[in-house]
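One structure is given here, and the rest of the page talks about it.
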Amino acid sequence: MDKIAKVILLTVGLLLLFTIAAIASDTIELNQLVENAAVMDGQTVIVKGEAIGEAMERGDYAWVNINDKTNAMGIWMKSDDAKKINVFGDYKHIGDTVKVTGVFNRACVEHGGDMDIHSDSVIVEAAGYATAETFPFYKMIVAVGLALTALIMGVVYLRQIKK
Numbered sequence: 001m002d003k004i005a006k007v008i009l010l011t012v013g014l015l016l017l018f019t020i021a022a023i024a025s026d027t028i029e030l031n032q033l034v035e036n037a038a039v040m041d042g043q044t045v046i047v048k049g050e051a052i053g054e055a056m057e058r059g060d061y062a063w064v065n066i067n068d069k070t071n072a073m074g075i076w077m078k079s080d081d082a083k084k085i086n087v088f089g090d091y092k093h094i095g096d097t098v099k100v101t102g103v104f105n106r107a108c109v110e111h112g113g114d115m116d117i118h119s120d121s122v123i124v125e126a127a128g129y130a131t132a133e134t135f136p137f138y139k140m141i142v143a144v145g146l147a148l149t150a151l152i153m154g155v156v157y158l159r160q161i162k163k
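As numbered in the working numbering, residues 1 to 163 make up the sequence shown, in order.
Listed below in structure tokens is the structure:
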């Protein structure tokens, strides 16, 4: 029984070791970093995502948040690297797509225990652009229908109370 347990533990350990090596060599999703924070802490990672919000400059450095559709995370980078980013994502824009190589920190002591990445390099892979915010017509129909339903239910309720 002990021999089987040792073999299983060794196999799982080797699988995790090779998985971490594979993750470190390619881009990793931000959500994978969050879920495996203890294992990935202090590792050099490559992440890719849309620059969102705005650059928050702090002297020679700046905070830039990126979103890769699985999660968002703050990137601590040189101000010169942040200036490479021309368009930040918001309701009216799709931000520049950036590829960041840096050290992942599960609880950064320099930044009050926040989870972040301290960048070594920042590459803008795709330029951002303006986008028209559209409101699907069917959502308008659903909203009007729900409002009418609420109004009718309110009237029925008030009539029941008066009886």
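Note that beta-carbon positions come from the ideal geometry of N, C-alpha and C, so glycine has one too.
The beta carbon of His93 is closer than 8 Å to those of Val87, Gly128, Tyr129, Ala130 and Thr131 in its chain, skipping five residues each way along the sequence.
Out of Tyr138, Gln43 and Val124, the CA that lies nearest to the CA of Lys83 is found in Val124. Residue environment: Met140 is assigned as exposed (fewer than 16 neighbouring CB atoms within 10 Å of its CB, all protein chains considered). If you look at Ile152, you'll find it in the alpha helix (DSSP H) that goes Phe137 to Lys162.
The alpha-carbon separation between Ala107 and Asp114 amounts to approximately 5 Å.
For the pair Tyr138 and Leu15, the Cα-to-Cα distance works out to about 48 Å. In the three-state scheme derived from DSSP, where H, G and I count as helix and E and B as strand, Glu133 is classed as coil. Ranking Phe104, Thr134 and Lys48 by CA distance to the CA of Gly95 puts Lys48 first.
Closest in C-alpha terms to Glu50, from the list Gln43, Ala126, Leu148 and Gly154, comes Ala126.
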